[in-house]
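Per my numbering, numbering of the sequence shown is gapless, rising by one per residue and ending at 236.
Yeah, the Cβ is synthetic: ideal placement off N, Cα and C, and Gly gets one too.
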Amino acid sequence: MQDPSSRPATGYPYPYPYPNPQQPPAASTNGYPNPGAAAYPYQNHNPYYAPQPNPRAVLFRRLFIVFMAFLLILGLILFIFFLVVRPQLPDVYLNSLSVSNFNVSNNQVSGKWDLQAQIRNPNSKMSLYYDSLGCLLYYHRAPLSDTRLPPFSQGKKDQTVVNATLSVSGTYVEGRLADAIAKERGAKGSVEFDLRMGSFVTFRYGAFRRRRYVSVYCDDVPVGVPLTSGSGKMVGPAMRCKTY
């Protein structure tokens, strides 16, 4: 009689272990690789599932590249242009400044100033065109008189002499300014005035045009005005003014 405990177990063992991806496929007894141990990745051969570029993004990217290339070329052209042409601001010299009928009393100033300035175009390749030239006379940053001159042009390396007259009659000034003028006049026999000039200047080179505002500063111009006379002229030689 057969022992019931010796009956075979139900089910079947798993014929192959789970493949280890870090180990090479085991060879079979006949020398060929075990087909069950090799894993074949899934490949999608359908081209319609490949990611497609966004046409709008591609267009914007190309436009950006073209725009940056245009700016680079334009900047290079301007750099070469300014390197070759080298636009320079005009040189301004104050040749003379005289005053007549000068009087300061009761916080009022009267006088007539005549000035002559020489404006030179230092550019050898550019001509200049000046809009109406404004002239202002100051004392300690307090404006006394102003006038305007008509427009004019300058060729390459040209020089232009301009004359202007500024007058004031009984203009009120603060007491401290009147006292400062009287004190300076009595101590040195002269009074230092400040002259400002300004104009929109167009730089021309062929078809190129560049327009900018040019300011001229002639500071601390001494004008001899003794107490015994109401007339005087600039002390010393012509002076060079600053341009910005």
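- In the three-state reduction of the DSSP assignment, residue 227 falls in the coil class, being assigned neither a helical nor a strand state.
- In the three-state reduction of the DSSP assignment, residue 198 falls in the coil class.
- The beta-bridge partner set that DSSP reports for residue 186 consists of 130.
- Annotation: residue 117 is outside any beta strand (DSSP E) and is labelled neither H nor E by DSSP.
- The beta carbons of residue 215 and residue 182 sit closer together than 8 Å.
- In terms of Cβ geometry, residue 134 and residue 165 form a close pair [threshold 8 Å].
- A distance below 7 Å between beta-carbons, with the five flanking residues on each side excluded, links residue 170 to the following residues of its chain, in chain order: 96, 99.
- Shown here for residue 111: same chain residues with a beta carbon closer than 6 Å to its own, the five before and five after excluded, namely 82, 84, 152 in chain order.
- Under the three-state reduction of DSSP output, residue 50 falls in the helix class.
- Residue 142 and residue 69 have their C-alpha atoms some 35 Å from each other.
- A Cβ-Cβ contact shorter than 8 Å links residue 90 with residue 226.
- Excluding residues up to 5 positions away in sequence, 101 lie with their Cβ nearer than 6 Å to the Cβ of residue 163 in the same chain.
- Residue pairing by DSSP places residue 95 opposite 102 in a beta bridge.
- In this structure, the straight-line span from the alpha carbon of residue 92 to that of residue 210 is close to 20 Å.
- Beta-carbon to beta-carbon, residue 228 and residue 189 are separated by about 19 Å, too far to satisfy the 8 Å threshold.
- Beta-bridge annotation (DSSP): residue 83 is paired with 112.
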